[in-house]
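Per this note's numbering, the sequence shown starts with residue 30, numbered consecutively. To keep things clear, I will list the structure first and then write my remarks on it.
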Amino acid sequence: MNENSNQSITLIIPGNLEFLRIVDSVTNAVADFVGFGEDDRNAVAISVIEASTNAIQHGCECNETKKVVITFDFEDDFLRVTVLDPGSGFDPSCAICDLHEGLVEPRGRGLAIIKSLMDGVEFQFKGGTSVTMTKRKSAPTAKTGT
30 MNENSNQSIT
40 LIIPGNLEFL
50 RIVDSVTNAV
60 ADFVGFGEDD
70 RNAVAISVIE
80 ASTNAIQHGC
90 ECNETKKVVI
100 TFDFEDDFLR
110 VTVLDPGSGF
120 DPSCAICDLH
130 EGLVEPRGRG
140 LAIIKSLMDG
150 VEFQFKGGTS
160 VTMTKRKSAP
170 TAKTGT
């Protein structure tokens with residue numbers, strides 16, 4: 030990519046969990062295009078799948094006539110992904126925000142996972158529910174012994 034180039038890709042999927050495979054493929058392709066290493070690429074993919082799963086299950090109530098809009102905005106050193114669904118929202122203060130507090134819960138750890146993997150997470154509840162996740166590229170690590 031060219032320095033300071035801002036790019037955007039939007040993916041619109043039905044509210045059906047079967048489409049998560051496509052979301053995963055597109056997310057990995059975008060993270061790879063931006064130049065993320067394997068760990069950061071995995072962190073982004075896990076986070077986007079978690080957010081998209083929540084959007085399908087809670088925002089769309091698994092109704093494929095409802096849509097989830099996933100927007101990837103990226104530059105040379107960061108990726109911002111917004112997942113928007115038509116749902117009325119939730120109270121983020123009621124969500125499990127720490128992986129340790131929800132360790133034994135069978136569900137509800139998704140937001141804690143996202144927050145632990147991404148550099149920034151924001152919610153908005155206008156015109157649906159959106160979660161915006163930001164990840165910056167990690168600095169390259171120096172190789173030792175060569």
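Where is the CB? At the ideal position from N, CA and C, for every residue including glycine.
For F119, the three-state secondary structure derived from DSSP is coil. The DSSP-derived three-state label of G149 is strand.
K166 has its alpha-carbon roughly 27 Å from the corresponding atom of I42. T94 is classed as exposed because its beta carbon has fewer than 16 other beta carbons within 10 Å across all chains shown. The DSSP-derived three-state label of S76 is helix.
In the assembly as shown, D61 is an exposed residue. Its beta-carbon has fewer than 16 other beta-carbons within 10 Å. Here S167 carries a coil assignment [DSSP, helix/strand/coil]. Beta-bridge partners of V110 (DSSP): F101, M162. The Cβ atoms of F103 and V160 do not sit closer than 8 Å to each other. Residue range 36-43 is occupied by the beta strand (DSSP E) that includes S37.
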